[in-house]
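Accompanying notes for the structure given below.
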Amino acid sequence: MLQEKDVPKPRIKIIDFGLAQQLEDGITFKSLCGTPQYIAPEVINYEPLSLATDMWSIGVITYILLSGLSPFQGETDAETLSNVVAGAYEFEERCFSQTSEMAKDFIRQLLVKEPQHRMTAAECLMHPWIKPQSRKQALSRRRSSINMRNFRKFNALRKWKLSYNTVSACNRLCRTRLLCNPGKDHEELVSPQEPPDPTQHGLGWGEKGFGGSVSVCPYGSVLQAPCFGQEGQSVGEMR
56 MLQEKDVPKP RIKIIDFGLA QQLEDGITFK SLCGTPQYIA PEVINYEPLS
106 LATDMWSIGV ITYILLSGLS PFQGETDAET LSNVVAGAYE FEERCFSQTS
156 EMAKDFIRQL LVKEPQHRMT AAECLMHPWI KPQSRKQALS RRRSSINMRN
206 FRKFNALRKW KLSYNTVSAC NRLCRTRLLC NPGKDHEELV SPQEPPDPTQ
256 HGLGWGEKGF GGSVSVCPYG SVLQAPCFGQ EGQSVGEMR
């Protein structure tokens, strides 16, 4: 996610649609590629995908922006995928104590296992959390706050893993060149020593599939997974 610069009213934009697919009427599309904590249950179950699949991901992103936690992240990839399929998540009090009920309702209506029961993009824009229908709703949203401490930890860990993945990829290339040219000397890059703040969040789906990393499709394709956040950027005022 990026924030616009040098404009009076900057907007936050979701980027990196390398895995995006234009859906066509009458044609069924399935895919097993993606980053575990963001993908919808139908992706894991290899079921037909729809616009509702993206709405699930919007729910996950919203959860992360408000709390700094990932709703389905497990200790392993398998546990994360299992949590997604089960729809197993909760609003931890320590992270959501200052979050409005409207915001939680917004997330609940997106993280629904059955795609046909999730809010559409149009319905999201009309939700009271996005468009308050009364003064009371507007005040409730304004009095809530984002858990910035956890969010900074989440983003710091993501950046460390991104750096680690980049160095690891370079080292693999160096080793490949060494095998092809055994008579030449090659030096490996030194990877980051320790993450800034160890947390419960594990890696994503693939070799190092968490935030901007290379993710491996079960069918063997190497793809670029979505990147999340950038240093010094605001997450907005909605909460």
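Counting in my numbering, the sequence shown runs from 56 upward without gaps.
All C-beta atoms, glycine included, are put in the ideal place defined by N, C-alpha and C.
Round the Cβ separation of residue i and residue j to the nearest angstrom and send it over; I've been treating them as touching at under 8 Å.
i: Y118; j: I162; result: 5 Å
i: E148; j: L124; result: Actually they are not in contact, since the Cβ atoms of E148 and L124 sit about 12 Å apart, beyond 8 Å.
i: P183; j: Q171; result: That pair is no contact at about 22 Å.
i: Q153; j: S199; result: 6 Å
Looking only at its own chain, which residues have a Cβ that is under 7 Å from the Cβ of residue i, when we skip the five neighbours before and after it?
i: Y101; result: K85 and L87
i: P65; result: Q58 and E59
i: L180; result: K186
Helix, strand or coil for residue i per DSSP?
i: L120; result: helix
i: D61; result: coil
i: I82; result: coil
i: I69; result: coil
i: G89; result: coil
i: G267; result: Its pLDDT being 37, under 50, G267 is placed unreliably in this model, and the coordinates cannot settle the point.
i: P103; result: coil
i: L74; result: coil
Considering only residues of the same chain and omitting the five flanking positions on each side of residue i, which have a CB-CB separation below 6 Å?
i: A95; result: T108 and W111
i: L194; result: none
i: N138; result: F127 and G129
Leaving out the 5 sequence neighbours to the left and right, which residues in its chain are closer than 8 Å to residue i when beta-carbon positions are compared?
i: P103; result: T83, F84, K85 and E97
i: K159; result: F146 and F151
i: T175; result: L106, A107 and M110
So is residue i in contact with chain D if we call contact Cβ pairs under 9 Å?
i: F146; result: Absent here is chain D; the protein component of the structure consists of one chain.
Restricting to runs no shorter than 3 residues, where is the beta strand (DSSP E) found entirely within the segment 123-209?
none
Can you find at least 3 beta carbon pairs, one from the segment 146-166 and one from the segment 106-121, that sit closer than 8 Å?
yes
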